[in-house]
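Report on one structure; see the data block that follows.
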Amino acid sequence: MRTSTERQSGTAEPRPGTSPPQSDTSAPRPRRRAGDLPVAMVFLLPAAVGFAVFYLWPALRTAYLSFTDYSLLAPPEWAGLDNYRRLLGDRLFWNALKVTVEYVVVNIGVQTIAALGLAVLMHRLTRSGLIRGVLLLPYLVANVVVALIWYTMLDAQLGIVNQALEWIGLDPVAFFGETSTAIPTIALVNVWRHVGYTALLIFAGLQAIPKTVYEAAATDGASEARMFWRITLPLLRPVLALVLVLTVIGSFQIFDTVAVTTKGGPINATRVIYYYIYEQAFQRFNFGYAAAVCVALFAILAGLALLQLKLLRAGDSDLD
Amino acid sequence: MRRITRLAAVATILPLALAGCGSGDDSGGGSGNAQAPEKTEISYWLWDSNQLPAYQACADAFHAANPEITVKISQFGWADYWTSLTTNLVSGNAPDVFTNHLNYYPEFAGKQQILPLDEFVAADGTKTDVYAPGLADLWVSADGKRYGLPKDFDTVAIFYNKKMLDDAGITEDQMKSLTWNPDDGGTYEKIIARLTVDKNGRRGDEPGFDKKNVKVYGLGLDENNGAGVGQQMWSMYALSTGWQFTDKNPWGTKFRYDDPRFQKTIAWWRGLIDKGYMPSLAIARSGTSVNDGFGAGKYALSTNGSWMINTYYGYDGVEVGTAPTPVGPSGKRATIYNGLADSIYAGTKHKDQAWRWVKYLASADCQKTVGDKAIVFPAIPEALTVAEEKFKAKGIDIGAFTVQIHENTTSLFPITDHASDIGAVMGPAIDAVLSFEAEPSSLTKANDEVNALFQ
Numbered sequence: 003m004r005t006s007t008e009r010q011s012g013t014a015e016p017r018p019g020t021s022p023p024q025s026d027t028s029a030p031r032p033r034r035r036a037g038d039l040p041v042a043m044v045f046l047l048p049a050a051v052g053f054a055v056f057y058l059w060p061a062l063r064t065a066y067l068s069f070t071d072y073s074l075l076a077p078p079e080w081a082g083l084d085n086y087r088r089l090l091g092d093r094l095f096w097n098a099l100k101v102t103v104e105y106v107v108v109n110i111g112v113q114t115i116a117a118l119g120l121a122v123l124m125h126r127l128t129r130s131g132l133i134r135g136v137l138l139l140p141y142l143v144a145n146v147v148v149a150l151i152w153y154t155m156l157d158a159q160l161g162i163v164n165q166a167l168e169w170i171g172l173d174p175v176a177f178f179g180e181t182s183t184a185i186p187t188i189a190l191v192n193v194w195r196h197v198g199y200t201a202l203l204i205f206a207g208l209q210a211i212p213k214t215v216y217e218a219a220a221t222d223g224a225s226e227a228r229m230f231w232r233i234t235l236p237l238l239r240p241v242l243a244l245v246l247v248l249t250v251i252g253s254f255q256i257f258d259t260v261a262v263t264t265k266g267g268p269i270n271a272t273r274v275i276y277y278y279i280y281e282q283a284f285q286r287f288n289f290g291y292a293a294a295v296c297v298a299l300f301a302i303l304a305g306l307a308l309l310q311l312k313l314l315r316a317g318d319s320d321l322d
Numbered sequence: 290m291r292r293i294t295r296l297a298a299v300a301t302i303l304p305l306a307l308a309g310c311g312s313g314d315d316s317g318g319g320s321g322n323a324q325a326p327e328k329t330e331i332s333y334w335l336w337d338s339n340q341l342p343a344y345q346a347c348a349d350a351f352h353a354a355n356p357e358i359t360v361k362i363s364q365f366g367w368a369d370y371w372t373s374l375t376t377n378l379v380s381g382n383a384p385d386v387f388t389n390h391l392n393y394y395p396e397f398a399g400k401q402q403i404l405p406l407d408e409f410v411a412a413d414g415t416k417t418d419v420y421a422p423g424l425a426d427l428w429v430s431a432d433g434k435r436y437g438l439p440k441d442f443d444t445v446a447i448f449y450n451k452k453m454l455d456d457a458g459i460t461e462d463q464m465k466s467l468t469w470n471p472d473d474g475g476t477y478e479k480i481i482a483r484l485t486v487d488k489n490g491r492r493g494d495e496p497g498f499d500k501k502n503v504k505v506y507g508l509g510l511d512e513n514n515g516a517g518v519g520q521q522m523w524s525m526y527a528l529s530t531g532w533q534f535t536d537k538n539p540w541g542t543k544f545r546y547d548d549p550r551f552q553k554t555i556a557w558w559r560g561l562i563d564k565g566y567m568p569s570l571a572i573a574r575s576g577t578s579v580n581d582g583f584g585a586g587k588y589a590l591s592t593n594g595s596w597m598i599n600t601y602y603g604y605d606g607v608e609v610g611t612a613p614t615p616v617g618p619s620g621k622r623a624t625i626y627n628g629l630a631d632s633i634y635a636g637t638k639h640k641d642q643a644w645r646w647v648k649y650l651a652s653a654d655c656q657k658t659v660g661d662k663a664i665v666f667p668a669i670p671e672a673l674t675v676a677e678e679k680f681k682a683k684g685i686d687i688g689a690f691t692v693q694i695h696e697n698t699t700s701l702f703p704i705t706d707h708a709s710d711i712g713a714v715m716g717p718a719i720d721a722v723l724s725f726e727a728e729p730s731s732l733t734k735a736n737d738e739v740n741a742l743f744q
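Protein chains in written order, with my numbering: chain A, 3 to 322; chain B, 290 to 744.
Here is the structure:
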């Protein structure tokens, strides 16, 4: 990772590629005493136990189960690579992947741009705590509640949104019911809920950019737009990268909105990967196969996160 | 330093506490039978919140008669119910007794999660022929073991909006003698057309009817995917052609979704969408339920099960009536006859107490208590009479639902293995046909997939 980072940034500006970001503190750090280790272990233990019990062990067990035929109510039987062979030929698995990617593209695309816009507006125009609070409001409502409220509001015949569309002379739209609009609708409902939260994360990143940079730019007569493209975006990159990695992984895990509204339909239009796993495991009792899909999803997400971090050089900042 | 030690203490206790949660329930059953009257609490689950008061009343009466046993009732919504039940079966914490469904019990029985009741029935000389005909047999598995005692049953009928019927000049007597066939839909389709009204006030059977701008659909379309059963969606039409789901029922192993009678029925049904008499699948799936659509005056007719009676009759300002499903090409009406029962969890520690509760639930005493609340149809005829009177007192005539039992035109709910896999194949397949993305003939391929499950 380091080497590629250096290669990418090497031509732009010379900077110490090997020193850690904190290296600008004046005094050299004292070396850690080995005597701190037991105390450090004690501090780490609670988190480590939580990690082992709630993440590591279930993950290992899932990996094991993915090689078994397990119907949940009978003990698992070793099945070798059967589940993975089946996975490759499963039309619905590939459909689930496709549908999920569609969701992520719409969800993350719209959400990131909208959140960035909101954050920059807040940063440049207002410091009002009230506005920040209002932005966060949708995020405070439970996901399932948000989904159900939108589901009712968007109904083709009785929904308030379609009533409004009719008043302005448009035809009603069956947002959740049409195969072509179901995924974008679910994606946008979740944008509505998460955009304020994402905007606040980005806003925090914006506050870390020194004001002096903007003052200097203003003195040089740079326009707001130019400042955004030349100062804000480049200096925000590490924060943006982190936000993207987190939101993309979260977005891939879309489940609740689908579970309370379309339940995978119409046909297979919203059978996203998590819903498919849930169906296989808890409705059809194919726990072994569901575990194999989980492992496949894990591999995809891990690869994606690595790729994003690498491409966006999240590890270092241009502020140094 | 003190803080650190305390932290460390918490950290070391945590895993122990977690481990403690998991174990404890694994030790075998049958501890409660040995000693004389020992206070026990048994858990009982059901999914219908409307029925909770009725069963609480049963539980109180049961406790009064058996002071040493307390019944703790928990209620979950339909979807949560099965998920919670499954996860609790897996973790060994399932309720001692629970309401069971024909779609699920073969799976539970096959995996030894529910207890065969034969020993208890034989020991107590419990009568299994006191129920409405056929209901008790539904709970006998392929290997001849009994897994539940009937509590109630349901059939399907047509709910109609009386005012809309009046406006269309259709009498309630006409509703009682409807005929249907998959070619032209019979008098049933005629009244559906008549009851459909477009934005300009033109009816579906009048020239110039605008099928693109419909204000009231003659027939509602269910928001749920009926999967491979279509209980309140299409089964009453298909079955009235003489078609049956499987080669034999219960415990069939060959499905017949490739039968032309079935496919023609589905073709006719989706034809209603094309004609503008029934909403598109997209509209039906876009947010509100078919019953709420009916309640809001968007549909004149709506086919649904008897368990929905109180919901349909509960809408403000809507005068509701019910009619039996139409007579089909076979010369008979048809409806699925579905029965619920109570089953005992195989891992229960209180087998005897659980059995006594199941026996009480299946008794005329408890079923009369349930019938008295007029929510569902009890399985014992004399309790059904109680329910019938109570429904009448509410102004509801349940004749449209029970006539098919008297005339012997009901068909059993298809009881087979692999029910959830079948649903996963047939649900999207029928969706695809209804949304005009596939032809009814595509169901032959789905049928092959379904039948492959049995090989």
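All C-beta atoms in this analysis are idealised placements derived from N, C-alpha and C, irrespective of residue type, glycine included.
Everything numeric in this text was worked out from a predicted model, so none of it was measured.
Report, in whole angstroms, the separation of the C-beta atoms of residue 604 (chain B) and residue 584 (chain B), which I expect to be a contact under 8 Å. With 8 Å as the limit, residue 604 (chain B) and residue 584 (chain B) qualify as a contact, their Cβ atoms being about 3 Å apart.
At least one CB of chain A closer than 9 Å to the CB of residue 397 (chain B): is that the case? So, interface residue.
Closer than 8 Å, Cβ to Cβ, to anything on chain E: give me those residues from the region 277-290 of chain A, in chain order. Of the chains in the structure shown, none is chain E; the protein chains are A and B.
Is residue 544 (chain B) helix, strand or coil when you go by DSSP? Residue 544 (chain B) carries a strand assignment under DSSP once its states are collapsed to helix, strand and coil.
Since residue 296 (chain A) and residue 64 (chain A) should fall inside the 8 Å C-beta cutoff, what is the C-beta to C-beta distance between them, to a whole number of angstroms? That pair is a contact at about 5 Å.
Taking the straight line between their C-alpha atoms, what separation do you get for residue 171 (chain A) and residue 489 (chain B)? One C-alpha to the other measures close to 16 Å.
Roughly how far, in whole angstroms, is the beta-carbon of residue 618 (chain B) from the beta-carbon of residue 529 (chain B), given that I think they are within contact range, below 8 Å? Sure, about 7 Å apart at Cβ, within 8 Å.
Where does residue 213 (chain A) land, buried or exposed, given buried means 16+ other C-beta within 10 angstroms? Residue 213 (chain A) comes out exposed.
At 9 Å on the CB atoms, spell out the chain A contacts of residue 495 (chain B), in chain order. Going along chain A, no residue has its Cβ under 9 Å from residue 495 (chain B), so there is no contact; the nearest lies around 22 Å.
Please identify, using Cβ separations under 9 Å, the residues of the region 52-80 of chain A that lie next to chain B, in order along the chain. So the list reads 52, 54, 55, 73, 74, 75, 76, given in the order they occur along the chain.
Specify the secondary structure class of residue 435 (chain B) as computed by DSSP and reduced to three states. If DSSP states are grouped into helix, strand and coil, residue 435 (chain B) belongs with the strands.
For residue 511 (chain B), collect the residues of the same chain with a Cβ closer than 6 Å to its Cβ; drop the 5 residues on either side in sequence, then sort them by chain order. Only residues of its own chain outside the window of five on either side were considered, and among them 522, 579 have a CB closer than 6 Å to the CB of residue 511 (chain B), listed in chain order.
Three-state secondary structure (DSSP) of residue 450 (chain B): DSSP places residue 450 (chain B) in strand when its eight states are reduced to three.
Excluding sequence positions up to five away, which residues of its chain have a Cβ less than 8 Å from the Cβ of residue 209 (chain A)? Scanning its chain for C-beta atoms nearer than 8 Å, with the 5 sequence neighbours on each side dropped, one finds around residue 209 (chain A) the residues 125, in chain order.
Per DSSP, cross-strand counterpart(s) of residue 204 (chain A): Answer is none; residue 204 (chain A) lacks a bridge partner.
Status (buried if at least 16 other CB within 10 Å, exposed otherwise) for residue 299 (chain A): Classification for residue 299 (chain A): buried.
Cα-Cα separation between residue 149 (chain A) and residue 263 (chain A), rounded to whole angstroms: Our two residues, residue 149 (chain A) and residue 263 (chain A), have alpha carbons roughly 7 Å apart in a direct line.
Give the interface partners of residue 157 (chain A) over in chain B, defined as CB-CB distance under 8 Å, in chain order. Under a criterion of Cβ atoms nearer than 8 Å, the residues of chain B adjacent to residue 157 (chain A) are, in order, 575, 576, 577.
Whole-angstrom distance between residue 712 (chain B) and residue 166 (chain A), CA atom to CA atom: Residue 166 (chain A) and residue 712 (chain B): Cα-Cα distance of roughly 37 Å.
Kindly say whether residue 729 (chain B), judged by its beta-carbon, lies nearer than 9 Å to any beta-carbon of chain A. The Cβ of residue 729 (chain B) sits no closer than 9 Å to any Cβ of chain A.
Sorted by chain position, which residues of the same chain lie with C-beta nearer than 7 Å to residue 121 (chain A)'s C-beta, five sequence neighbours on each side aside? 201, 204, 205, 208, listed in sequence order.
Residues from the region 216-242 of chain A in contact with chain B, defined by Cβ distance under 7 Å: Here the close residues number zero.
For residue 667 (chain B), list the residues DSSP reports as bridge partners. Note: residue 667 (chain B) sits in a beta bridge opposite B:441.
Could you spell out the range, first to last residue, of the beta strand (DSSP E) harbouring residue 657 (chain B)? For residue 657 (chain B), there is no enclosing beta strand (DSSP E); the residue is part of the alpha helix (DSSP H) that begins and ends at 653-661.
So the alpha helix (DSSP H) residue 45 (chain A) belongs to, where does it begin and stop? Element bounds for residue 45 (chain A): 39-53.
Hey, would you say residue 161 (chain A) sits closer than 9 Å to residue 576 (chain B), going by beta carbons? Yes.
Excluding the 5 residues preceding and the 5 following residue 164 (chain A) in the sequence, name in chain order all residues of the same chain whose CB lies nearer than 8 Å to its CB. The beta carbon of residue 164 (chain A) lies closer than 8 Å to those of 156, 157, 158, 174, 175 in the same chain, with the five residues before and after it left out.
Run through chain B and tell me which residues come within less than 8 Å of residue 330 (chain A), C-beta to C-beta. Outside the shown range of chain A, which is 3 to 322, sits residue 330 (chain A), and nothing can be said about it.
Does any heavy atom of the ligand PLP sit closer than 8 Å to the C-beta of residue 461 (chain B)? Looking for the ligand PLP in the displayed structure turns up nothing, as the structure carries no ligands at all.
Spatially closest choice to residue 183 (chain A) from A:269, A:143, A:169, by CA coordinates: From the listed residues A:269, A:143, A:169, the smallest Cα separation to residue 183 (chain A) is found for A:269.
What does the Cβ neighbour count give for residue 287 (chain A), buried or exposed, with the cut at 16 atoms within 10 Å? So residue 287 (chain A) ends up on the buried side.
I need the boundaries of the beta strand (DSSP E) containing residue 364 (chain B), first residue and last residue. Secondary structure note for residue 364 (chain B): its beta strand (DSSP E) is the uninterrupted segment 358-364.
Using beta carbons (cut-off 9 Å, strictly below), is residue 402 (chain B) in contact with chain A? Residue 402 (chain B) counts as touching chain A.
From B:684, B:685, B:686, B:425, residue whose alpha carbon lies closest to that of residue 652 (chain B): It is B:425 whose Cα lies nearest to the Cα of residue 652 (chain B).
Quick check: is the beta carbon of residue 177 (chain A) nearer than 9 Å to any beta carbon in chain B? Taking CB atoms only, residue 177 (chain A) has a neighbour in chain B less than 9 Å away.
Does chain A have any CB closer than 9 Å to the CB of residue 371 (chain B)? Interface with chain A (9 Å Cβ-Cβ cutoff): residue 371 (chain B) is included.
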